[in-house]
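First up is the structure itself, then whatever we jot down about it.
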Amino acid sequence: MKIEILFPEFCNLFGDAYNMVYLQKTLPEAEFIRTAIGDDVRFTEEKIDLVYMGPMSERVQELIIKKFKPIREKIMKAVESGTVFLFTGNALEIFGDYIENEDGSRVEALGIYRLWAKRDMMHRHNSAFEGTFEGETVMGFKTQFTMAYTPDDSLALFKKTRGVGLNPKADFEGIRFHNFFGTYLVAPILVANPPFTKYLLKLMGAENTELAFEAETVAAYEQRKKDFAQMVH
Amino acid sequence: MKRNLRFYFALMFARGTKLVLKLIGRKGTSMPGSWAIILCPDFIGRMPKPKKIIGITGTNGKTTVSNMIEDVLEDNGVSFMCNRAGTNVNTGIASALINNSKFFGKPKHDVAVFELDERSSPKLYPYMQPDMLLCTNIFRDSYKRNAHAEFILGILNKEIPKTTKLILNADDPLCCSIAPDNERVYYGIDHLSTDKNECDNIVNDMPVCPNCSGPLVHDVVRYHHIGRVHCENCGYRSPEPDYRASYVDEENGIMRVEKDGVANEYKLASTSNINIYNSLAAVAVLREAGLSDEQIQKSFEKMEITESRYSESMIGGKRVILHLTKAKNPIASSRVYEIVRNAPGKKSVIIFPYDYFDDRHSVENTAWFYDTDYEFLNDESIVQLIIGGNRHHDTYVRALLAGVPKEKIIHMQDECEASEVISDEADTVFVLHDVYTIRSANIIRDKLIAKEKEAAK
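The following block contains the structure:
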């Protein structure tokens, strides 16, 4: 099994690098490829079982868009052929249509799916989120400068129960397009949500894999569910 | 900026607020400034300022360095104002200016020492231009406010006045890149016994050359991206420090600082690399402000670490250390975890890493746990890790992922119960607390004292 981590030297904000540390402990036999910003990506050239990219600064976001533009068609092909992607934080904006700055200027993104994000650099959004995915609870935290919008509700990933979705009016959080999973939730999502992690492992062909410290992560997940239930908004 | 009626109304209203607060016995140190800014948004700009303003900013160490500078100035009889009693944002600065002014606003002192929150720069520097500004370092901090290091760097670059002389940490490449056209002096450390060749921290906020984005070679690593670097691509190098700590006697707590070929020695309150950087920064600022080496040396002899940050006592044959560990700040917490690991003896470590306010109002975002080096707590010398607080299950998972053996960990909701389970094997107990959870740390210590008294009966 091959897992490609995109640009880990930059895309590692908000503790999210631990998504991959956790996966590495869960899949000790898997090959983890760490692709640096100056390297060519591997997922467009060979079969990769999971492509991961974490949150990054706005400058790096624009750098990656620039890097990806010449290989957009290859990326689209990888997405449409069912490669599993997990993008967390603002990484998901890279495959959207565009990112709008406060002054109305736009950073044209890859346009893999219909989504745009609006930056508000002086008003940072922080919140706790609870939703459902495949009948199971998903929890996480949002810490971001953007709100995202899509005209295509079929892209919904997590149905919102509490908190703020893609934007304050959206009743869902995150994007699912084929096997591309993009979410703003950090904490990190794979450590914090054992059912979702198991679902992803199944898609990657690692069904019935026991999670690292499964009993402990499940106990933490169950406790958090109780705490979210008591949370006042 | 000229003073107008609106300004005078705001000033008088703020003075009234201060008086009312005093009469009802409330501290409310930022409230007069808050009202002044509500009534007159450019109040700081219109308020008369002291002749010399020294600003202290940066992610970590700004409170400690500000306090050091203020203590030395006070010890030397320099008349100055500061925002020590209040906050480091615009309302705190406005309050300090009001509290230290005559009736119509004229400052009572010629010098101001202001600790300045870097995130608040857009609300400060357009209205107040420090003559000199120290930047201790730039790191990722609380995600909620500060997002990431590049965001803070961008704010500083945009807002720092061109006339301000900068005093910068030469061993922090991010810090060195601030406002490149401003006049500047650097401070740095030659060598420490704890120097490394490779970064063993999770977070490295400066993975590439600040000049050309090429690969950065770390010649010396102190912690995270702090150290000496060079770029093989463009030739960039960490700048040579003007104030150079050329030797640190860790045994006797002495630092030698060279400036223009003249060496002077200063007593250190602690030889942790953080304290050495803080002390060196304070020396550089004070020298730039015109104090003599003798004046600084004399005051440094009296320097001690504030008890709310560090205190040590012997209870029942165990060394019990209460150590401030700032919540939501992965770098500050990692520094403390490394200090704990490196401390002598067999240690029991009690942690309750939650933010008091966030914890009360919501389920707290624990993402920062994963940028914090819990891996330092996985050490043979740490015989026990006790975890408390509402997020104890999440913290437990984090510690397990750091490799801390299950059998060494005890976790519980009420951290104050930690006193009941301390291992006999430990000769040292570290109680790591946040600014707002020091009460729990004191309860744990008091319980240990009570237990010891009970046992002695």
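First to last, the sequence lines map onto chains A and B.
What the first sequence shows, in the working numbering, is residues 258 to 490, in sequence order.
What the second sequence shows, in the working numbering, is residues 11 to 467, in sequence order.
Here a beta-carbon is modelled for each residue, glycine too, at the ideal position from N, C-alpha and C.
Beta-carbon proximity of A104 of chain B to P42 of chain B, cut-off 9 Å:
Looking up residue 104 of chain B in the second sequence gives position 94. Looking up residue 42 of chain B in the second sequence gives position 32. Yes. Within cutoff.
Residue-level contact to chain B via CB, T474 of chain A, 9 Å cutoff
Counting from 1 along the first sequence, the entry for residue 474 of chain A is found at position 217. Cβ-Cβ to chain B under 9 Å: yes for T474 of chain A.
Taking 7 Å as the limit between beta carbons, can you name the residues of its chain near L280 of chain A, skipping five residues before and five after?
Locating residue 280 of chain A in the first sequence gives position 23, counting from the first residue. Hits under 7 Å: I260, L447.
By Cβ distance below 7 Å, which residues in the same chain neighbour P171 of chain B in space, the five residues on each side in sequence not counted?
One-based indexing of the second sequence puts residue 171 of chain B at position 161. So the qualifying residues of the chain are Y135, Q139.
Is N14 of chain B near the ligand FAD - that is, is its Cβ less than 8 Å away from at least one heavy atom of it?
Annotation note on the ligand FAD: not contained in the displayed structure, which lists no ligands.
Closest Cβ-Cβ distance between H403 of chain B and chain A: below 9 Å?
Position 393 of the second sequence holds residue 403 of chain B. Answer yes: the Cβ-Cβ gap between H403 of chain B and chain A drops below 9 Å somewhere.
To the nearest whole angstrom, what separates the beta carbons of C209 of chain B and V231 of chain B, a pair I think is in contact under 8 Å?
Counting from 1 along the second sequence, the entry for residue 209 of chain B is found at position 199. Counting from 1 along the second sequence, the entry for residue 231 of chain B is found at position 221. Between the beta-carbon of C209 of chain B and that of V231 of chain B there is about 5 Å, and that keeps the pair under the 8 Å contact cut.
Please list, in chain order, the residues of the segment 373–390 of chain B that have any C-beta partner in chain A closer than 7 Å.
Result list: V373, N375, T376, A377, W378, F379, Y380, D381.
Between which two residues does the alpha helix (DSSP H) containing G26 of chain B stretch?
The residue given as residue 26 of chain B occupies position 16 in the second sequence. Judged by DSSP secondary structure, G26 of chain B falls within the alpha helix (DSSP H) whose first and last residues are 15–33.
In whole angstroms, what separates the C-alpha of A255 of chain B from that of K324 of chain A?
Here residue 255 of chain B refers to the residue found at position 245 of the second sequence. Here residue 324 of chain A refers to the residue found at position 67 of the first sequence. Put simply, the backbone Cα of A255 of chain B is about 43 Å away from that of K324 of chain A.
Neighbour flag for A335 of chain A against chain B, beta carbons, 9 Å
The sequence position of residue 335 of chain A within the first sequence is 78, counting from 1. So no, A335 of chain A is outside the interface.
If you reduce the DSSP assignment to three classes, tell me which class V439 of chain B lands in.
Residue mapping note: residue 439 of chain B aligns to position 429 of the second sequence, counting from 1. Reduced to three states, the DSSP call for V439 of chain B is strand.
Near K483 of chain A, which residues of its chain fall below 8 Å by C-beta distance, leaving aside the five closest residues on each side in sequence?
Against the first sequence, residue 483 of chain A aligns to sequence position 226. If we look at K483 of chain A and ignore the five residues flanking it on each side, it has no Cβ neighbours.
Does the pairing of the segment 404–412 of chain B with the segment 296–310 of chain B give three or more beta-carbon distances under 8 Å?
Contact annotation: the segment 404–412 of chain B does not touch the segment 296–310 of chain B, with fewer than three C-beta pairs closer than 8 Å.
By a C-beta neighbour count over all protein chains shown, 10 Å radius and 16 as the cutoff for buried, is H228 of chain B buried or exposed?
Here residue 228 of chain B refers to the residue found at position 218 of the second sequence. Label assigned to H228 of chain B: buried.
Beta-carbon neighbours of P217 of chain B, restricted to chain A and to distances below 8 Å
Residue numbering aside, residue 217 of chain B sits at position 207 when the second sequence is read from its first letter. The answer, in chain order, is E266, F267.
DSSP on K12 of chain B, reduced to helix/strand/coil?
Here residue 12 of chain B corresponds to residue number 2 of the second sequence, with the count starting at 1. Note: K12 of chain B maps to coil in three-state DSSP.
Taking the continuous alpha helix (DSSP H) assigned at W373 of chain A, which residues delimit it?
Translated into the one-based positions of the first sequence, residue 373 of chain A becomes position 116. Segment 373–376 is the beta strand (DSSP E) holding W373 of chain A; no alpha helix (DSSP H) there.
According to DSSP, is G65 of chain B part of a helix, a strand, or is it coil?
Position 55 of the second sequence, counted from the start, is the residue given in the question as residue 65 of chain B. DSSP, reduced to helix, strand and coil, places G65 of chain B within a strand of the structure shown.
Contact with chain B by R481 of chain A, beta-carbon distance below 9 Å:
By one-based count along the first sequence, residue 481 of chain A stands at place 224. At a cut-off of 9 Å between beta carbons, R481 of chain A contacts chain B.
Under 9 Å between the Cβ atoms of T345 of chain A and L468 of chain A?
Within the first sequence, numbered from 1, the residue matching residue 345 of chain A stands at position 88. Within the first sequence, numbered from 1, the residue matching residue 468 of chain A stands at position 211. The answer is no: Cβ separation not under 9 Å.
Close Cβ partners of D181 of chain B (< 7 Å) along its chain, the five nearest in sequence each way excluded:
Translated into the one-based positions of the second sequence, residue 181 of chain B becomes position 171. The answer, listed in chain order, is G198, I199, R232, I236, G237, R238, S248.
Under the rule that 16 or more other beta-carbon atoms within 10 Å means buried, what is C186 of chain B, buried or exposed?
Translated into the one-based positions of the second sequence, residue 186 of chain B becomes position 176. C186 of chain B comes out buried.
In the segment 133–177 of chain B, which residue ranges form an unbroken beta strand (DSSP E) of at least 3 residues, counting only runs that do not cross its ends?
Runs of the beta strand (DSSP E) inside the segment 133–177 of chain B: 142–145.
Establish whether the CB of P445 of chain A and some CB of chain B are separated by less than 9 Å.
The residue labelled residue 445 of chain A in the question sits at position 188 within the first sequence. It does; some Cβ of chain B falls within 9 Å.
Any C-beta of chain A within less than 9 Å: which residues of the segment 132–145 of chain B qualify?
For the segment 132–145 of chain B, which is checked against every Cβ of chain A, the residues closer than 9 Å are P132.
Would you mind telling me which residues of chain A sit closer than 7 Å to E430 of chain B, beta carbon to beta carbon, in chain order?
Stepping through the second sequence from its first residue, residue 430 of chain B is reached at position 420. Near E430 of chain B there are no residues of chain A at all, since even the closest Cβ is about 21 Å away, more than 7 Å.
Less than 8 Å between the CB atoms is what I'm expecting for A405 of chain A and N424 of chain A, so what's the real figure, rounded?
For the purposes of this step, residue 405 of chain A is identified with residue 148 of the first sequence, where counting begins at 1. For the purposes of this step, residue 424 of chain A is identified with residue 167 of the first sequence, where counting begins at 1. Going by Cβ atoms, the distance from A405 of chain A to N424 of chain A rounds to 6 Å, so yes, they are a contact pair.
Between which two residues does the beta strand (DSSP E) containing H403 of chain B stretch?
As a working mapping, residue 403 of chain B is identified with position 393 in the second sequence. Element bounds for H403 of chain B: not the beta strand (DSSP E) but the alpha helix (DSSP H), 402–411.
Contact set for Y366 of chain B: own chain, Cβ-Cβ below 6 Å, skip 5 residues either direction
Numbered from its first residue, the second sequence carries residue 366 of chain B at position 356. Counting only Cβ-Cβ distances below 6 Å, and skipping sequence neighbours, we find Y446, T447.
What do you get for P354 of chain B, buried or exposed, if any count of 16 or more other CB atoms within 10 angstroms of its CB means buried?
Translated into positions along the second sequence, residue 354 of chain B becomes position 344. When all chains shown are included, P354 of chain B counts as exposed.
Just to confirm, are A274 of chain A and Y380 of chain B a CB contact at a threshold of 9 Å?
The residue labelled residue 274 of chain A in the question sits at position 17 within the first sequence. The residue labelled residue 380 of chain B in the question sits at position 370 within the second sequence. Yes, the Cβ-Cβ distance between A274 of chain A and Y380 of chain B is below 9 Å.
Let me check understanding here. Comparing Cα to Cα, which of A:E286, A:Q487, A:E391, A:Q318 lies closest to E357 of chain A?
The residue you call residue 357 of chain A lines up with position 100 of the first sequence. Ranked by how close their Cα comes to the Cα of E357 of chain A, the residues A:E286, A:Q487, A:E391, A:Q318 have A:Q318 in first place.
Relative to the alpha-carbon of F264 of chain A, which residue among A:H380, A:V336, A:I294, A:D428 has its alpha-carbon at the smallest distance?
Position 7 of the first sequence, counting from 1, holds the residue named residue 264 of chain A. Nearest of A:H380, A:V336, A:I294, A:D428 to F264 of chain A, Cα basis: A:I294.
Which residue marks the beginning of the alpha helix (DSSP H) containing T43 of chain B, and which one marks its end?
One-based indexing of the second sequence puts residue 43 of chain B at position 33. Residue identity differs from the one stated: residue 43 of chain B is Gly in this sequence, not Thr. 41–49 is the span of the alpha helix (DSSP H), which, as asked, contains G43 of chain B.
Against chain B, does M378 of chain A count as a neighbour if the rule is that its beta carbon must be under 9 Å from one of theirs?
Here residue 378 of chain A corresponds to residue number 121 of the first sequence, with the count starting at 1. With its beta carbon less than 9 Å from one in chain B, M378 of chain A belongs to the interface.
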